[in-house]
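Residue numbers (mature numbering (1 follows the signal peptide of the UniProt record, and there is no 0)): -23 to -1, 1 to 119. Reviewing the structure listed below.
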Amino acid sequence: MASSRLLAALLVAVACLAPLASATEWMVGDDGGWRAKFNQTGWADGKTFRVGDTLMFMYPKENHTVVQVSNKADFAACNLNANAVDRWDTGNDVVTLDKPGKAWFFCSVPNHCNNGMKLVIDVEDAAPVPTPAPAPASGWWF
């Protein structure tokens, strides 16, 4: 009986930790960070971004910014007057992906976006949390 309780407690603990383990922290640009001509690097290619993941934008704060816009048109036009979803300028910015769909980012320093400092990603729903198997019934009662 004690081993059944221990197994059940272990399964509950694993189920509680699964959502935490499924989120990924992405260093945008890897070792190169958020930089000029960023969209030419193919950094996002082959990556799967999910709700709950975080993007870490690292850059010299005196040289760049990060702006998130809500639509493709503002992104494509590098529209510095767009109604931004959010703006960051610390050089050590952490953005949590909070909904599925496209997410558009660019640097708002004049001409940086036009010169390729921009990123678009597809964000998928969070990974489903596996349902723990029920604890096996024990035929032995002591």
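Where is the CB? At the ideal position from N, CA and C, for every residue including glycine.
> Is Lys49 helix, strand or coil by DSSP?
Replying inline: For this step, residue 49 is matched to residue 72 along the sequence shown. DSSP places Lys49 in helix when its eight states are reduced to three.
> Can you tell me whether DSSP reads Arg(-19) as helix, strand or coil?
Replying inline: Numbered from 1 along the sequence shown, position 5 holds the residue referred to as residue -19. In this prediction, Arg(-19) scores a pLDDT of 44, lower than 50, which makes its location untrustworthy; no coordinate-derived value is stated.
> Roughly how far, in whole angstroms, is the beta-carbon of Leu32 from the beta-carbon of Trp65, given that I think they are within contact range, below 8 angstroms?
Replying inline: The count along the sequence shown starts at 1 and reaches residue 32 at position 55. The count along the sequence shown starts at 1 and reaches residue 65 at position 88. The pair is not a contact, with the Cβ atoms about 10 angstroms apart (cut-off 8 angstroms).
> To the nearest whole angstrom, what separates the beta carbons of Asn91 and Cys55, a pair I think is in contact under 8 angstroms?
Replying inline: Residue 91 sits at position 114 when you count from the first residue of the sequence shown. Residue 55 sits at position 78 when you count from the first residue of the sequence shown. Confirmed, Cβ separation roughly 5 angstroms.
> Taking the C-alpha atoms as reference points, what is the distance between Val72 and Val46?
Replying inline: Along the sequence shown, read from residue 1 onward, the residue named residue 72 stands at position 95. Along the sequence shown, read from residue 1 onward, the residue named residue 46 stands at position 69. Approximately 13 angstroms between the Cα atoms of the pair.
> On the three-state DSSP scale, how would you describe Asn16?
Replying inline: Stepping through the sequence shown from its first residue, residue 16 is reached at position 39. Helix.
>> Using a 10 Å radius around the Cβ and a threshold of 16 neighbouring Cβ atoms, would you call Lys95 buried or exposed?
In response: Taking the sequence shown and counting its residues from 1, one reaches residue 95 at position 118. Classification for Lys95: buried.
>> Below 8 angstroms on the Cβ atoms is my contact criterion, and I expect His89 with Ala21 to pass it. Report the Cβ-Cβ distance as a whole number of Å.
In response: The residue labelled residue 89 in the question sits at position 112 within the sequence shown. The residue labelled residue 21 in the question sits at position 44 within the sequence shown. Their Cβ separation, rounded to whole angstroms, is 18 angstroms, which puts His89 and Ala21 out of contact at 8 angstroms.
>> Could you compute how far the alpha carbon of Thr42 sits from the alpha carbon of Phe82?
In response: Here residue 42 refers to the residue found at position 65 when the sequence shown is read from its first residue. Here residue 82 refers to the residue found at position 105 when the sequence shown is read from its first residue. Straight-line Cα distance between these residues: approximately 10 angstroms.
>> In this structure, how does DSSP classify Gly78 when only helix, strand and coil are distinguished?
In response: In the sequence shown, the residue the question calls residue 78 occupies position 101. Three-state result, Gly78: strand.
> Taking Cβ positions, are Glu101 and Val5 nearer each other than 9 angstroms?
Replying inline: Position 124 of the sequence shown holds residue 101. Position 28 of the sequence shown holds residue 5. No, they are not a contact pair.
>> So the candidates are Thr25, Lys76, Thr67, Pro77; which of them puts its Cα closest to the Cα of Cys84?
In response: In the sequence shown, counting from the first residue as 1, residue 84 sits at position 107. Checked all of Thr25, Lys76, Thr67, Pro77; the closest Cα to Cys84 is Thr67.
>> In this structure, how does DSSP classify Asp99 when only helix, strand and coil are distinguished?
In response: Working through the sequence shown from its first residue, we reach residue 99 at position 122. DSSP places Asp99 in strand when its eight states are reduced to three.
> Under a three-way DSSP split, which group does residue 122 fall into?
Replying inline: The chain is shown from -23 up to 119; residue 122 falls before or after that span and cannot be answered.
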